[in-house]
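**Student:** Numbering (our numbering), first residue to last: 65 to 264.
My questions will all concern the structure given below.
What follows is the structure in structure tokens.
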């Protein structure tokens, strides 16, 4: 049987959609024969991923919202499992979104679906819920991490892990010296500056 050149990508938030689109673009640049499908958003679709469902549009916050949309999430969950089996994908690339993606990886392994499980942009288990590492170890074949210390963290637990760099470093270009930038904001370049950078 000819080896599959198809990858399924799963992202459930706007940031995951963005980073997944960069990843798909780069993989296609390296090997244009590879095809993609999955769950994500408009940016992934623009990069050539055949979307089964726009999961980004369904992003919800809070327990009550999750419960209200539970039926729809369950339908999507079952559908993507079936698609992974039908396409005989060479690999499934999970982008962050651990609540959905770790459950998906566990079910793929439970069913014995022969595909490689790759996790890109790790759940922040080093900050909270370190117990999740044991689940990750059982269901993920390869971790691709974006922070240098994450490689050592996962290696400590015996996972196959590679540090691939932070995707935003390819997007954010420094156009002026730090001193000029600080002066333009009214700060003294000689004084320490603290940046507050709220995440999602």
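Even for Gly, the Cβ is constructed at its ideal location relative to N, Cα and C.
1) Using a Cβ distance threshold of 8 Å, determine whether the segment 236 to 249 contacts the segment 203 to 210, with at least three qualifying pairs required.
2) Quick one: what does DSSP say residue 249 is sitting in, helix, strand or coil?
3) Mind checking who residue 183 pairs with in its DSSP beta bridge?
4) From the DSSP output, read off the bridge partner residues of residue 72.
5) If you follow the beta strand (DSSP E) that residue 227 is part of, which residue opens it and which one closes it?
6) Name the one or two DSSP bridge partners that residue 114 has.
7) Would you mind sorting residue 163 into buried or exposed? The rule is 16 or more other CB atoms within 10 Å of its CB.
8) In whole angstroms, give me the CA-to-CA distance for residue 65 and residue 152.
9) Would you call the segment 71 to 78 and the segment 142 to 159 touching, i.e. three or more CB-CB distances under 8 Å?
10) Does the beta-carbon distance from residue 140 to residue 117 come in below 7 Å?
11) Do you know offhand how far residue 84's Cα is from residue 146's?
12) Contact check, residue 190 vs residue 214 under 8 Å by CB: the rounded distance?
13) Identify, in the order they occur along the chain, each residue of the same chain with its Cβ nearer than 6 Å to the Cβ of residue 81, setting aside the five sequence neighbours on each side.
**Tutor:** Looking at the atomic coordinates:
1) no
2) Numbered from its first residue, the chain shown carries residue 249 at position 185. Residue 249 falls in the coil class under three-state DSSP.
3) Translated into positions along the chain shown, residue 183 becomes position 119. Its beta-bridge partners are 158, 207.
4) Translated into positions along the chain shown, residue 72 becomes position 8. The partner list for residue 72 (beta bridge, DSSP) reads 101, 156.
5) Translated into positions along the chain shown, residue 227 becomes position 163. Run containing residue 227: 225 to 227, per the beta strand (DSSP E) assignment.
6) Counted from its first residue, the chain shown places residue 114 at position 50. According to DSSP, residue 114 bridges with 101.
7) As a position in the chain shown, residue 163 is number 99, starting the count at 1. It counts as exposed.
8) For this step, residue 65 is matched to residue 1 along the chain shown. For this step, residue 152 is matched to residue 88 along the chain shown. Here residue 65 scores only 43 on pLDDT, less than 50, and its place in the model should not be relied on; the value that follows carries that caveat. Computed Cα separation, rounded: 11 Å.
9) yes
10) Counting from one through the chain shown, the residue named residue 140 turns up at place 76. Counting from one through the chain shown, the residue named residue 117 turns up at place 53. The answer is yes: Cβ separation under 7 Å.
11) Counting from one through the chain shown, the residue named residue 84 turns up at place 20. Counting from one through the chain shown, the residue named residue 146 turns up at place 82. Going by the C-alpha atoms only, they are around 21 Å apart.
12) Counted from its first residue, the chain shown places residue 190 at position 126. Counted from its first residue, the chain shown places residue 214 at position 150. The Cβ separation is near 7 Å, so the contact holds.
13) Against the chain shown, residue 81 aligns to sequence position 17. These residues qualify, in order along the chain: 75, 104, 105, 107, 108, 120.
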